[in-house]
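Heads up, the thing below is written out as structure tokens.
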């Protein structure tokens, strides 16, 4: 049995220089669908061709190529984080919240790969 119960969604978070240009590239070349641009927080999200999988584009001045973080949907981020911490999982700082949008918490696997939990607050 797992420590937490994830939802049936995943967002692949990718760092890019220009979210709008990158979104257009994914729309034109891979047929993804734009879900939204959240310019106030530097984030865009696209629906991939795979159900339950979205691509998130986070704007960075100097993105690191190959830097992709899987973001797992979770119903209750506080409970999940507490359970993972009790299991010895290392987190990077506090849980961050964009009111009315999302709460996120970055954590690491045993090899130091970044993963993230996200609770959708817009529902």
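Residue numbers (the working numbering): 1 to 123.
We treat Cβ as the ideally placed atom computed from N, Cα and C, and that holds for glycine.
Can you tell me the Cα-Cα spacing of residue i and residue j, whole angstroms?
i	j	result
residue 9	residue 66	22 Å
residue 69	residue 63	13 Å
residue 82	residue 3	10 Å
residue 5	residue 80	8 Å
residue 16	residue 109	24 Å
Whose C-beta lies closer than 8 Å to the C-beta of residue i among residues of the same chain, with five residues either side of it excluded?
i	result
residue 7	72, 73, 74, 75
residue 95	77, 78, 81, 103, 104, 105
Of the choices the options, whose alpha-carbon is the least far from that of residue i?
i	options	result
residue 39	58, 30, 52	58
residue 100	86, 113, 118, 94	118
residue 114	35, 121, 105	105
Residues in the same chain with beta-carbon distance under 6 Å from residue i, minus the five sequence neighbours each way, listed in chain order, please.
i	result
residue 56	11, 13, 45
Report the three-state DSSP secondary structure of residue i (helix, strand or coil).
i	result
residue 14	strand
residue 45	strand
residue 114	strand
residue 82	helix
What residues in its chain sit with their C-beta under 7 Å from that of residue i, if we drop five residues either side in the sequence?
i	result
residue 84	3, 4, 107
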